[in-house]
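What the sequence shown shows, in my numbering, is residues 329 to 649, in sequence order. A virtual CB, placed ideally from N, CA and C, is assigned to each residue, including glycine. Okay, structure first, notes after.
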Amino acid sequence: MNTTTNVLSSWNCSSLINSAAAKTGKTIALSLILIVSLVGNSLIGIIVYKTPNLRKPINYLIANMTLSDLLFPIFLLPMRLLHLHVDSWLISGLLGQILCKLLAFLVEASSLVSVQSLVLIAVDRFGAVVVPLRSPLFSRKLCPFFILTTWIVAMAVTSPQLFAYKLVENPEEMKCESLWAETFGEKSLVTYMLAGVSVFFYIPMILLVAIYSIILIKLKKQAHPGEQSANAEEQRKKRNRNVLKMAIAIVLAFFLCWIPSYTMLLIKLFSAPKSFIRSSCSFEVCYTVSYYLAFANCAINPTILFISSSNYRQGLKRLVN
329 MNTTTNVLSS WNCSSLINSA AAKTGKTIAL SLILIVSLVG NSLIGIIVYK
379 TPNLRKPINY LIANMTLSDL LFPIFLLPMR LLHLHVDSWL ISGLLGQILC
429 KLLAFLVEAS SLVSVQSLVL IAVDRFGAVV VPLRSPLFSR KLCPFFILTT
479 WIVAMAVTSP QLFAYKLVEN PEEMKCESLW AETFGEKSLV TYMLAGVSVF
529 FYIPMILLVA IYSIILIKLK KQAHPGEQSA NAEEQRKKRN RNVLKMAIAI
579 VLAFFLCWIP SYTMLLIKLF SAPKSFIRSS CSFEVCYTVS YYLAFANCAI
629 NPTILFISSS NYRQGLKRLV N
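Below, the structure is given as structure tokens:
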């Protein structure tokens, strides 16, 4: 009886998630994310490149993050849109195999580059606010080296995906699938994913909370209510506060968007496929919503930058005019 109930529940859930209305909603959501992300992140990169007063380490790091975010609308989101309406992988042969591997590899690398960029931005703000009299922690000459390092580290960590993902061709359909167990062994997947989530998500989250807490405490001690000095030092502090608000908003958006998907991933790793949690309809719905929320982050970042930074708004005006 329980088995029959579970099967019926699973069927009802599947029919709900894959219904015409659900597909329409997903298509609209992915299309909006794709357009806003592609246009917004491209504009941020162009503005940083064309605006001399934005050519500073923090803006280079922001541009690095927007570049990594662009991998989503260029590679992942078009494929997700396609797969909503076409079940089979469309490109066969060597090209199809390469695209299958690159898709997983570049998307994973993108999120790791974003996390590292957020940490470097926090360290840059720490230097500007907490130890302003010392030489900058990231000079314009050293910044390209750190940016290159974020990509090298991300690609090294995600390189196993190049071997795990393969194009599986059947007479009925083709699918791009992760064959991790066959490639590296089943137990290694849990170790790899747990290490990756810990080192590149939860530890950076704790580190960022600590760094920004120290910065906020330092700024609070520097504040002098009632003083209205227009000297260079006060202007510098005001600029630091504005940049800090923008940086914290980007960090909050990133973790709020990605925490649900990483949480669902951990639940999937540590629960049996037929367990009560995994077999429930609410899990399937939450799993789908969490990944769409993660995709949305690449569209939220440029929106935050344009809302919170007058420099980017002015740069956009100059670009349009």
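Rounding to the nearest angstrom, what Cα-Cα distance links residue i and residue j in this structure?
i, j, result
"ASP415", "VAL459", "55 Å"
"LEU507", "LYS573", "43 Å"
"CYS609", "SER589", "16 Å"
"ALA627", "LEU362", "8 Å"
"ASN369", "ILE542", "30 Å"
"LEU405", "ALA624", "10 Å"
"PHE583", "ALA575", "13 Å"
"ILE374", "ILE390", "12 Å"
"ILE578", "PRO499", "46 Å"
"THR486", "ALA437", "6 Å"
"SER637", "TYR619", "28 Å"
"ASN381", "ARG468", "13 Å"
"VAL367", "LEU399", "13 Å"
"TYR530", "GLY524", "9 Å"
"LYS384", "LYS548", "25 Å"
"ILE379", "MET407", "Reading off the sequence, residue 379 comes out as Thr, not Ile. Going from the Cα of THR379 to the Cα of MET407 covers about 34 Å."
"TYR377", "ASN639", "13 Å"
"GLY554", "LYS566", "Below a pLDDT of 50, predicted positions are generally treated as unreliable, and GLY554, at 49, falls in that range; no measurement from the model is reported."
"SER526", "ALA350", "33 Å"
"SER599", "ILE605", "8 Å"
Cutting at 6 Å between CB atoms, please list the residues of its own chain near residue i, excluding the five before and the five after it.
i, result
"TYR388", "CYS471"
"ALA482", "ALA437, LEU440, VAL441"
"ASN392", "SER445, ILE475"
So residue i and residue j are supposed to be a Cβ contact under 8 Å. How far apart are they, rounded?
i, j, result
"ASN568", "VAL457", "5 Å"
"THR478", "VAL441", "5 Å"
"LYS503", "TRP417", "6 Å"
"ARG453", "VAL537", "Contact doesn't hold; Cβ gap of about 13 Å is too wide."
"LEU597", "VAL518", "6 Å"
Considering only the alpha carbon of each residue, which of the options lies closest to residue i?
i, options, result
"GLY643", "LYS384, ILE356, LEU371", "LEU371"
"VAL447", "ILE539, LEU522, SER420, LYS469", "ILE539"
"ASP397", "SER637, ASN629, THR352", "ASN629"
"ILE402", "LYS384, ILE375, ALA432", "ALA432"
"VAL364", "ALA600, SER637, ILE632, SER638", "ILE632"
"LEU344", "PHE512, GLU612, GLU505, LEU410", "GLU612"
"MET592", "LYS546, MET521, LYS645, LYS566", "MET521"
"HIS413", "LYS596, LYS566, ALA348", "ALA348"
"SER516", "PRO488, PRO532, GLU505, MET533", "PRO488"
"ILE595", "LEU580, CYS614, THR379", "CYS614"
"HIS411", "ILE587, LEU621, GLY421, THR352", "THR352"
"CYS585", "SER420, VAL443, THR379, LEU434", "VAL443"
"LEU580", "ALA622, ARG606, ALA350, SER599", "ALA622"
"TRP484", "ILE545, LEU434, ALA509", "The sequence shown places Ala at residue 484, not Trp. Here the closest residue by C-alpha is LEU434."
Excluding the 5 residues flanking residue i on each side, which residues of the same chain have their C-beta closer than 8 Å to its C-beta?
i, result
"ARG641", "PHE634"
"LEU409", "THR355, LEU358, SER359, LEU362"
"VAL617", "PRO588"
"ARG462", "GLY455"
"ALA509", "LEU517"
Please return the same chain residues whose Cβ sits closer than 7 Å to the Cβ of residue i, not counting the five positions on each side in sequence.
i, result
"VAL335", "Below a pLDDT of 50, predicted positions are generally treated as unreliable, and VAL335, at 44, falls in that range; no measurement from the model is reported."
"THR511", "PHE491, ALA492"
"GLU501", "ASP415, SER416"
"CYS341", "CYS609, GLU612"
"ILE386", "ILE449, ASP452, VAL571"
"LYS645", "none"
Does chain C have any CB closer than 8 Å to the CB of residue i?
i, result
"LEU366", "The question asks about chain C, but that chain is absent: this structure has only one protein chain."
>> Between the segment 478-496 and the segment 424-432, can you find at least three pairs of beta-carbon atoms closer than 8 Å?
In response: Segment contact: the segment 424-432 against the segment 478-496, three or more CB-CB distances shorter than 8 Å; contact assigned.
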